[in-house]
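So for the sequence shown, full-length UniProt numbering puts the first residue at 1; every next one is plus one.
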Amino acid sequence: MGTKGRSVPRVVCCAIPIARAAGKVLVVTSRKRPNNWVCEYRFTLAGRSSRPPLTLPKGGWEPSDVQLEAAASREALEEAGVRGTITRFVITIPTPSTTYHFYELDVAALEQDWLERNERRREWVDYAEAVRRLEWKSELAQGLKLSSLAPAVKSR
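Here's what the structure looks like:
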């Protein structure tokens, strides 16, 4: 997708697909780095994980979406084959180039045949693993850390 004629900042809607009973988050591989998929942790000499960049289903808001929640739900279906219900607004995170809107999506079904199935892999992971694997993109990690899956902070 080109950037010519696009308004800045770009409006991006992110779904946080949740299997609430299992306490899991569905993450997908980044389409820009499809060859980075590996199944185990590998560490570089610097001690950083070379595990593939994972992301949450996200994408640009389109006028046909009407509401931001609709864009988040559409992106979840396109990128991860997820059907479900948006249950909670999490946060809006503005950056100079992009404004991210995060929504929790309670997963009802996973399609076996979805639009980007040949470009992405999806994986259910627990909250802590999802945070670790989203750290490469601070806005994604921050959105997840503010979701209802985040451990409650205990006051003294």
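Even glycine gets a Cβ: it sits at the ideal position worked out from N, Cα and C.
With a 10 Å radius around the Cβ and a threshold of 16 neighbouring Cβ atoms, ARG31 comes out exposed.
Take SER148, set aside five residues on each side of it, and the residues of its chain with a beta-carbon closer than 7 Å to its own are ARG88, GLU104, in chain order. Every beta strand (DSSP E) of 3 residues or more that sits fully in the stretch 63-102 is shown, in chain order, as 82-94.
In the DSSP assignment, ARG121 falls outside any alpha helix (DSSP H), carrying neither H nor E. Looking at the backbone, the Cα of ALA80 and that of ILE93 are separated by about 22 Å. The Cβ-Cβ distance between PHE102 and ILE86 does not fall below 7 Å. Secondary structure of LEU140 (DSSP, three-state): helix. Per the C-alpha coordinates, the member of ARG74, ARG122, ASP126, ALA15 positioned closest to ALA21 is ASP126.
The beta-bridge partner set that DSSP reports for PRO17 consists of LEU105. Per DSSP, the beta-bridge partners of VAL25 are ILE18, VAL125.
VAL8 has its alpha-carbon roughly 9 Å from the corresponding atom of THR99. Taking the Cα positions, ALA71 is about 10 Å away from VAL11.
Taking C-beta separations shorter than 6 Å and ignoring five residues to either side along the sequence, the partners of GLY84 in its chain run LEU105, ASP106, VAL107, ALA108, following chain order.
Cα atoms of SER97 and SER138: separation of roughly 14 Å, rounded to the nearest angstrom.
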